[in-house]
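Notes follow the structure.
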Amino acid sequence: MTAQTLELNGVRVLELPAEGPPLRDAIDLITLASEHQADLVAIPAGRLDEAFFKLATGVAGEIVQKFANYRLRLAILGDISAHVAQSNALRGFVLEANRGQQLWFLEDREALAARLR
205 MTAQTLELNG VRVLELPAEG PPLRDAIDLI TLASEHQADL VAIPAGRLDE
255 AFFKLATGVA GEIVQKFANY RLRLAILGDI SAHVAQSNAL RGFVLEANRG
305 QQLWFLEDRE ALAARLR
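For the sequence shown, the numbering used here gives the first residue as 205, with consecutive numbering after it.
Written out as structure tokens, the structure is:
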């Protein structure tokens, strides 16, 4: 898993590359974030398994809960409009998440930097 660490407005961010296998578990990412002393992990939406966007599977809840347990924030970067259009539950989840501080669904790194201001 190749990732880069960068600082955005005083927050240390571990950003995963767009290319790579779908992510299904959070523990490896949490470990990697800890090694890089990151406060937030940014994951391209395309790296998430399709099950993440089907809330009934519980995958999203499990991943988000693990990040919360380790006091690590999470940002999903990229266009998820096709997923949101298919699910009212996901639409509500995204809206609620974006109101908080634990999980954000944002378009790109620039939107993340703006959110961290």
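Where a beta carbon is used, it is the ideal one built from N, C-alpha and C, also for glycine.
With fewer than 16 other Cβ atoms from the protein chains shown falling within 10 Å of its own Cβ, Arg228 counts as exposed. Taking 9 Å as the cut-off, the Cβ atoms of Ala279 and Leu310 count as close. DSSP places Arg319 in the uninterrupted alpha helix (DSSP H) bounded by 313-319.
Residue burial is scored here from C-beta neighbours: Glu314 has fewer than 16 other C-beta atoms within 10 angstroms and is therefore classed as exposed. In this structure, the alpha-carbon of Ile247 lies about 14 Å from that of Arg216. Setting aside the 5 residues that flank it on each side, Glu211 is surrounded in the same chain by Val217, each with a C-beta closer than 8 Å to its C-beta; the list follows chain order.
The DSSP-derived three-state label of Arg251 is helix. Take the alpha-carbon of Ala264 and the one of Phe257: they are about 7 Å apart. Taking C-beta separations shorter than 7 Å and ignoring five residues to either side along the sequence, Gly262 has no partners in its chain. One Cα belongs to His240, the other to Thr209, and the distance between them is close to 7 Å. DSSP places Glu239 inside the alpha helix (DSSP H), whose first and last residues are 231-239.
Residue pairing from DSSP places Val217 in a beta bridge opposite Leu210, Leu244.
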